[in-house]
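Residue numbers (the numbering used here), protein chains in the order written: chain A, 1 to 382; chain B, 1001 to 1382; chain C, 2001 to 2326; chain D, 3001 to 3326. Single-structure report; data block below.
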Amino acid sequence: MGTPPKLTGAPPSSARGPAAGAPGAELLEGAITVLGLPEPEMVAALSSWPRERALDLFTAIAQLRAFDERAVILQRQGRIGTYPTFYGEEAVQVASVRALQNQDWLFPTYRQTAVATLRGCPPLVPLLMWRGHPGGWHDVMKYRVAPICVPVATNFPHAVGAAWGAKLRHQELVALAYGGDGSTSAGDFHEACNLAAVMGAPVIFLITNNQWAISTPVSRQTKVRRVAEKAAGYGMPGVRVDAFDVFACYQVVQEAAERARRGEGPTLIEAIGYRLGPHGTADEPSLYRDQIADRLWEPMEPVRRTRLALVAAGLASEEELNQILAEAAAELRDIGDAVESCSPASIQEIAGSVHRETPWELLPEGLWEPTWTGCGDAGGAP
Amino acid sequence: MGTPPKLTGAPPSSARGPAAGAPGAELLEGAITVLGLPEPEMVAALSSWPRERALDLFTAIAQLRAFDERAVILQRQGRIGTYPTFYGEEAVQVASVRALQNQDWLFPTYRQTAVATLRGCPPLVPLLMWRGHPGGWHDVMKYRVAPICVPVATNFPHAVGAAWGAKLRHQELVALAYGGDGSTSAGDFHEACNLAAVMGAPVIFLITNNQWAISTPVSRQTKVRRVAEKAAGYGMPGVRVDAFDVFACYQVVQEAAERARRGEGPTLIEAIGYRLGPHGTADEPSLYRDQIADRLWEPMEPVRRTRLALVAAGLASEEELNQILAEAAAELRDIGDAVESCSPASIQEIAGSVHRETPWELLPEGLWEPTWTGCGDAGGAP
Amino acid sequence: MTLELNMVEAITRGLSQLLEEDPAALLLGEDIGANGGVFRATAGLQDRFGPERVIDTPLCEAGFVGAAIGMCLVGLHPVVEIQFDAFVYPAFEQLVSQAGRFRWRTGGAYGLPLVVRLPYGGGTRAPELHSDSPETLFSHVPGLRVVVPSDPRSAGELLLAASRCGDPVIFLEPKRMYRRGRQAVPPTFVEGDLDHAVVVRPGDDLTVIAYGAMLEVAEGAAERLAQEGVSTRVLDLRSIYPLDRESLLQAAEETGRVLVVHEAPRHCGIGAEVAALLQEEVADALLSPTLRVTGMDLPFPLSQNEDDALPSVERVLAAAHAMLEY
Amino acid sequence: MTLELNMVEAITRGLSQLLEEDPAALLLGEDIGANGGVFRATAGLQDRFGPERVIDTPLCEAGFVGAAIGMCLVGLHPVVEIQFDAFVYPAFEQLVSQAGRFRWRTGGAYGLPLVVRLPYGGGTRAPELHSDSPETLFSHVPGLRVVVPSDPRSAGELLLAASRCGDPVIFLEPKRMYRRGRQAVPPTFVEGDLDHAVVVRPGDDLTVIAYGAMLEVAEGAAERLAQEGVSTRVLDLRSIYPLDRESLLQAAEETGRVLVVHEAPRHCGIGAEVAALLQEEVADALLSPTLRVTGMDLPFPLSQNEDDALPSVERVLAAAHAMLEY
Ligand SMILES: Cc1ncc(C[n+]2csc(CCOP(=O)(O)OP(=O)(O)O)c2C)c(N)n1
Ligand SMILES: Cc1ncc(C[n+]2csc(CCOP(=O)(O)OP(=O)(O)O)c2C)c(N)n1
Ligand SMILES: [Mg+2]
Ligand SMILES: [Mg+2]
């Protein structure tokens, strides 16, 4: 369930766009893209990218992919609980982290549970969270990555507050909040966008329009299927970009961050993609969408698409890229054991983590202080 | 406090627009207007209006004005509690009721507490509400006017549901929800607009942009001071109209209602005005806005402006219009006595009005059924 | 002829019966159409009744709960599904400031035939905010009815009653029980009784009051106590607000000891209300304090620790023994 | 040298002291700038501290409460004003699903220095939804502190403590007491004690527990009881969550009778929790049931009937007499 049925037979020769007839492909029209350009132009565009940066981006994509595939396996093995795969969204997630600086804040949702690992958080930590271990929280201050946000859209105001607050304190800092097409229907999205625009908060709303909210198609989510068109109503720029294109997404996030740093306020970025996988491991897409049609989007799958482009642009060889993928996968091959071997926490420890001084109400039987041991670095900070 | 300081000396000769230098006057640019036209065109435009309809509109304006002035007096006399005057918003409110049909639903806020009276509800009823009498609720089903909504923006989804529900039941019906510039910042506004557009609900969002939310200017409420520009983000038309112009507002609401009846879905109407009075009787505008500058909007005051126009267009004489005003005022001269003479309700009656069958918890001492007597028709229905 | 259904199947059946018998009934929620809801409680209903009666909404709980209020005004009887417990919070204002106050605002004249279905509670190894028990909050808010079924039959019967009672009902479905075994139910449900708690097991020495998934725990404890020779009455509360005062007082008078079990946090929970009520009204009949075995005052733990926070047979037994030895 | 201030003046002073002493403190809310807030609690503060520390927000409670959470992450100490009690409901999800869970989500490492000021309660002849008492709801929600001052001095002192305690605090201000008389306060407030209830009147025969505006009612009743020769202790709870367990048990043990007064609805209110706790822990010390004099389980009545719903000295006396004669 974690990954959709792969294309049978030969992979499509080109990775410029989805195969003909892919549902919602028209949304890509007019979106900023590099990998979607005709090959000569694409190669020309990539030639301006330093090889190191290009390889770094590919490596990060490989790491996210390795995490996601490993997590899906661990879920199938019953070693972690239900898990929302981000298969296919690696490119936009990597670009969002790499195009920002380490002092910038990220506000992820359940769909970006590994972005903290791109800032050095051990992959064990998010996996522990999905295992339901209370040690599965990364150190938010150390990485400047907020806790994973489960209630849709509630992370948007947080990002606005962090960015606006930093502006008030004259700290040079940008905040980026992630969301999906479904999140744009929620009141908190609106209140956050409006507040950010009024206050000129240096925040980026990065909406990955993967065209589905569980079983709900974007056409039923909003009459304006182009999410970026919502920006005008707030008086902020809206930018549309190819979500499967790490280079285009990098540029767009970087430009938005520069605007923010120049004091020009928020930007709404719509990264147009398609949810290649199920909503999560408990989801059954066959109930509500045409699995055959969905496969027409497979050519856009970021690992393959980026690799084809890097090779075509002569920035790397197929071999070294496969090497990177292999290493990323190897890194995580045995992490399931680490996940399982992490000693469980006691309810007393958990009760001690709710307030600064634990009220007697929390645990009539008596109180303990939290001491997460051997579980990544979650909560490890003072 | 109920009405602002009147202009001293001679009233401005023209009522086409606010006096030069009026704050926020530029928002009127491009707004649909009849009374804002140069006099010859204005007269030509009015000539197409049947005299009866024109007089009916003026009469309704006079009635709302009489209600508002009386309510302010009763508040000063301590016979009712704090009261949010709608001084200056009579034109748009009258137009919204008269341009719709009696089967259409209205969803008023604290700022439109007398609209039910334009559908036959005794003025006593809303006055009783402001007195804090539990009988002060009009019969919502009889008038198809929802209860007064106090929490800003929460009435928008109700209007969407009524309109959408009627559409599902194939009832020919439109719903109109009122709101202010401040209400557009709230999540419920967004969720309602988006839901209405997706479902094609025959609903009208009538936003009176009076440029203030208590002490907060619209410039601090939204970066897009033209509220109508928010409509595009939902995929619905946005229309801008002169809020002090009963004729223009009538046209615009009628067109929106026709669109809705044709199955073309919701419309966002921005009625551009200016809050001529305080937010309410407890508000002290001198703390936060320039009372002198505010007076520059006084020429737009609907009673005077409409009267000047009707006379100029030869649709009525000054005398008969003054007669209408006098009668409207006379109607309510003694209503304060009726308000006071209404016998108070018992807490037992109130407790009996919360559930269909009153739970024992509500009144340990014992239960009574509600029997509102002699208080307008509130709750009178089966 | 009867059917053997689990709770979620019974709810599906109850909903389809509602849609069959009441042309004004309709269902609203996220992913309830083709997907049949994340718990499949509406599986097949959109195919049967069409997309105008089983409606997928955008992601906006306040918006569609508010819209359901408006639908009531034009004669519809909406049944709204909230996808998971904690996602009712965005709709909190619509429920508290609007739904619960509508009849009162109309002098008692008009109520809202609105049902909000809320899969709730822990024990399903779900992620954060997918295991809350918010019933206390709604029971403290005026104008709402709060109902919790405990088995397939009560789920179907109370659902029908909820939609027809004329007041807005927060209908909490113990999701942990959705697939916890089948029960014989009649081909069509009769309207359940919203006003009365049900004695699911008679007893004289002690009464354990529970609702929802905790019934199972209460019955498990009663069984163990029986082996000890303690005759334990188990009372299925079903209505959290209003409370069935008579049944509560009767339990105290007839068994002298009352123990309350719920998953929701302890502070100001239903257990507190029951304990306060009994000592106010029948203090003399009480042979021991009314003890509470409840969830803890902390965010519901992630899956590895949820069993630590959920009331268990052992915790109930410990409390029962303390009461019996009091 | 001391000052004579009423409660709203004391709050203004407490806020300005906070802004003076803590460069990271700032105020957010609707109309708190030039207008000084609808109750004038922030009057003059924007002039003194500038529009970057006393900030008028758009009309979006969820948005600015959520933004305040984000501000905490960059080292700010926001104090948010909600204009009236019922308008906190749109921010309910941000408080329940986010603010109260942040420290827990970080394994105890990071708390939110967030204060949400909430003018609350009845008795001011205000329109609908301007007189709610929502403290119970927040006290049932994990991770929040719920604090209620009762007089000018406690308002100033507890406000300072709330902003510095390291946990999110719902700070309920009994608006009915805002201008209810002045009290001598020091020129600068010391940090109040969030953990302990305060005996505001000693007594041995009976304890009346109250908070906020109900203190006045409790003291009025104690005065009348004194004339009858009944020595009544009055306990100002101050912290609704957590509760000061020791003071509660001590009151029960030393006076044998405990009566709880609050404006909030009765069902699952603080009175229920106190009554439940006492019978659990010190049943033997109780000479009578713990009675509750509370608001009613109905929408707070419009002004003409609000006195019927508010606890009064008479209602407290009636309950006290019942307890004394028990
Ligand atoms: C307030 C709220 N309501 C409902 C849910 C249940 N839910 C989880 S993800 C999801 C769909 C979100 O879709 P989208 O925003 O497009 O993000 P995606 O999952 O596609 O990345 C829903 C309805 C939730 N988490 N929060
Ligand atoms: C949710 C909510 N927050 C705050 C308030 C307090 N309040 C009442 S009216 C008002 C301003 C509304 O401004 P606007 O929407 O422009 O309408 P207007 O009063 O100008 O007609 C505020 C903040 C409220 N009623 N509801
Ligand atoms: Mg999506
Ligand atoms: Mg306004």
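Backbone N, C-alpha and C fix where the C-beta goes; we use that ideal spot for every residue, glycine too.
Chain D residues whose Cβ lies nearer than 9 Å to that of Thr1216(B) | By one-based count along the second sequence, residue 1216(B) stands at place 216. Glu3030, Asp3031, Gly3033, Asn3035, Asp3056, Thr3057, Pro3058 and Leu3059, listed in chain order.
Using alpha carbons as the reference points, say which of Pro2174(C), Gly2229(C), Val2217(C) and Met2214(C) lies closest to Leu2324(C).
-> Walking along the third sequence from the start, residue 2324(C) turns up at place 324. The shortest Cα separation from Leu2324(C) among Pro2174(C), Gly2229(C), Val2217(C) and Met2214(C) belongs to Gly2229(C).
Pull up the distance between the alpha-carbon of Ser2231(C) and that of Arg2257(C), whole angstroms please.
-> By 1-based counting over the third sequence, the position of residue 2231(C) is 231. By 1-based counting over the third sequence, the position of residue 2257(C) is 257. Approximately 11 Å, taken between the alpha carbons.
Flag this pair as yes or no: are the beta carbons of Leu2291(C) and Ala2322(C) separated by less than 9 Å?
-> Within the third sequence, numbered from 1, the residue matching residue 2291(C) stands at position 291. Within the third sequence, numbered from 1, the residue matching residue 2322(C) stands at position 322. Yes, Cβ-Cβ distance for Leu2291(C) and Ala2322(C) is below 9 Å.
Could you check where the alpha helix (DSSP H) with Phe107(A) kicks off and where it finishes?
-> Position 107 of the first sequence, counted from the first residue, corresponds to residue 107(A). Note, Phe107(A): premise wrong, no alpha helix (DSSP H); beta strand (DSSP E) at Trp105 to Phe107.
Helix, strand or coil: which one does DSSP assign to Asp1337(B)?
-> Reading the second sequence from its first residue, position 337 is the one you call residue 1337(B). Asp1337(B) carries a helical assignment under DSSP once its states are collapsed to helix, strand and coil.
Helix, strand or coil at Ala1282(B) according to DSSP, with G and I counted as helix | Counting from 1 along the second sequence, the entry for residue 1282(B) is found at position 282. Coil.
Where in the segment 3168–3255 of chain D do unbroken runs of the alpha helix (DSSP H), each at least 4 residues long, occur, reported from the N-terminal end onward?
-> 3214–3227 and 3245–3255, all fully within the segment 3168–3255 of chain D.
Are at least three pairs of beta-carbons, each pair with one atom in the segment 3303–3314 of chain D and one in the segment 3160–3172 of chain D, less than 8 Å apart?
-> no
Does the pairing of the segment 3270–3287 of chain D with the segment 3181–3189 of chain D give three or more beta-carbon distances under 8 Å?
-> no
Three or more C-beta pairs closer than 8 Å, one from the segment 3043–3050 of chain D and one from the segment 128–135 of chain A: is that the case here?
-> no
Using the rule of at least 16 other Cβ atoms within 10 Å of the residue's Cβ for burial, across every protein chain shown, is Ala1330(B) buried or exposed?
-> Here residue 1330(B) corresponds to residue number 330 of the second sequence, with the count starting at 1. With fewer than 16 Cβ atoms within 10 Å of its Cβ, Ala1330(B) is classed as exposed.
Is it the case that the CB of Val2038(C) approaches a heavy atom of ligand 3 more closely than 8 Å?
-> If you number the third sequence from 1, residue 2038(C) lands on position 38. No, the beta carbon of Val2038(C) sits no closer than 8 Å to any heavy atom of ligand 3.
Presumed contact (8 Å Cβ cut-off) between Glu359(A) and Thr3106(D), rounded CB distance = Counting from one through the first sequence, the residue named residue 359(A) turns up at place 359. Counting from one through the fourth sequence, the residue named residue 3106(D) turns up at place 106. The question names Glu, but residue 359(A) is Pro in the sequence shown. Wrong, their Cβ atoms sit about 18 Å apart, outside the cutoff.
When Ala1316(B), Met1236(B), Val1227(B) and Leu1106(B) are compared against Tyr234(A), the one with the closest alpha-carbon | In the first sequence, residue 234(A) corresponds to position 234, counting from 1. Comparing Cα-Cα distances from Tyr234(A) to each of Ala1316(B), Met1236(B), Val1227(B) and Leu1106(B), the minimum goes to Val1227(B).
Using DSSP bridges, identify the partner residues of Gln216(A).
-> Taking the first sequence and counting its residues from 1, one reaches residue 216(A) at position 216. In the sequence under discussion, the amino acid at residue 216(A) is Thr, which differs from the Gln named in the question. Ala213(A), per the DSSP bridge assignment.
Just list the beta strand (DSSP E) runs in the segment 1191–1261 of chain B, keeping only unbroken ones of 3 residues or longer that don't cross its boundaries, in chain order.
-> 1203–1209 and 1238–1242
From the DSSP output, read off the bridge partner residues of Val3147(D).
-> As a working mapping, residue 3147(D) is identified with position 147 in the fourth sequence. In the DSSP output, where bridge partners are listed per residue, Val3147(D) has Phe3171(D) and Ser3239(D).
Val97(A) vs Ala243(A) beta-carbon contact at 9 Å | The residue you call residue 97(A) lines up with position 97 of the first sequence. The residue you call residue 243(A) lines up with position 243 of the first sequence. No, the Cβ-Cβ distance between Val97(A) and Ala243(A) is not below 9 Å.
Within-9 Å CB hit, Gly1233(B) to chain C = Locating residue 1233(B) in the second sequence gives position 233, counting from the first residue. Taking Cβ atoms only, chain C never reaches closer than 9 Å to Gly1233(B), which makes this a no.
Drop a sphere of 10 angstroms on the beta-carbon of Ser2131(C), count the other beta-carbons inside from all chains shown, and report buried for 16 or more, exposed for fewer.
-> One-based indexing of the third sequence puts residue 2131(C) at position 131. Ser2131(C) comes out buried.
Mind listing the chain C neighbours of Arg3292(D)? Cutoff is C-beta to C-beta under 7 Å, in chain order.
-> One-based indexing of the fourth sequence puts residue 3292(D) at position 292. The contacting residues are Ala2276.
Could one say the Cβ of Asp377(A) lies closer than 9 Å to chain C's Cβ atoms, at least one of them?
-> Looking up residue 377(A) in the first sequence gives position 377. With a pLDDT of 42 at Asp377(A), under the threshold of 50, the predicted position of this residue should be treated as unreliable, though the coordinate-derived value follows. For Asp377(A), the answer is no, since every Cβ of chain C falls outside 9 Å of its Cβ.
Euclidean distance between Cα positions of Gly187(A) and Arg3224(D) = Position 187 of the first sequence, counting from 1, holds the residue named residue 187(A). Position 224 of the fourth sequence, counting from 1, holds the residue named residue 3224(D). Using only the alpha carbons, I get a separation of about 51 Å.
Hey, is Trp1105(B) close to ligand 2, as in C-beta under 8 Å from one of its heavy atoms?
-> On the second sequence, residue 1105(B) is found 105 positions in, with the first residue counted as 1. No; taking the cut-off as 8 Å, the Cβ of Trp1105(B) has no heavy atom of ligand 2 nearer than that.
Counterpart residues of Asp2056(C) in DSSP-defined beta bridges = The residue you call residue 2056(C) lines up with position 56 of the third sequence. Looking at the DSSP assignment, Asp2056(C) forms a beta bridge with Gly2029(C).
Spatial distance of Leu3206(D) from Ala3218(D) (CA atoms) | In the fourth sequence, the residue the question calls residue 3206(D) occupies position 206. In the fourth sequence, the residue the question calls residue 3218(D) occupies position 218. Approximately 11 Å, taken between the alpha carbons.
Within 10 angstroms of the Cβ of Ser185(A), are there 16 or more other Cβ atoms? Answer buried if so, exposed if not.
-> Against the first sequence, residue 185(A) aligns to sequence position 185. Ser185(A) is buried by the Cβ-count criterion.
Based on the DSSP output, what are the partners of Ile1272(B) in its beta bridges?
-> Position 272 of the second sequence, counted from the start, is the residue given in the question as residue 1272(B). According to DSSP, which records beta bridges pairwise, Ile1272(B) is partnered with Asn1209(B) and Asp1242(B).
Taking C-alpha atoms, which residue in Pro285(A), Ala99(A), Val43(A) and Glu89(A) lies nearest to Val174(A)?
-> Within the first sequence, residue 174(A) is the residue found at index 174, counting from 1. Val174(A) has its Cα closest to that of Ala99(A), out of Pro285(A), Ala99(A), Val43(A) and Glu89(A).
Which residues bound the beta strand (DSSP E) around Tyr178(A)?
-> Mapped onto the first sequence, residue 178(A) falls at position 178. First-last of the beta strand (DSSP E) with Tyr178(A): Ala175 to Gly180.
Residues bridged to Val3258(D) (per DSSP) = Numbered from its first residue, the fourth sequence carries residue 3258(D) at position 258. Looking at the DSSP assignment, Val3258(D) forms a beta bridge with Thr3207(D).
First and last residue of the uninterrupted beta strand (DSSP E) at Tyr3120(D) = Counted from its first residue, the fourth sequence places residue 3120(D) at position 120. Where Tyr3120(D) is concerned, the enclosing beta strand (DSSP E) stretches over Val3115 to Tyr3120.
What number of angstroms, rounded off, separates the C-alpha of Glu3128(D) from the C-alpha of Val3038(D)?
-> Along the fourth sequence, one-based indexing puts residue 3128(D) at 128. Along the fourth sequence, one-based indexing puts residue 3038(D) at 38. A straight line joining the alpha-carbon of Glu3128(D) with that of Val3038(D) spans about 16 Å.
Beta strand (DSSP E) segment containing His3077(D), residue limits = Position 77 of the fourth sequence, counted from the first residue, corresponds to residue 3077(D). In the DSSP annotation of this structure, the continuous segment of the beta strand (DSSP E) that includes His3077(D) starts and ends at His3077 to Glu3081.
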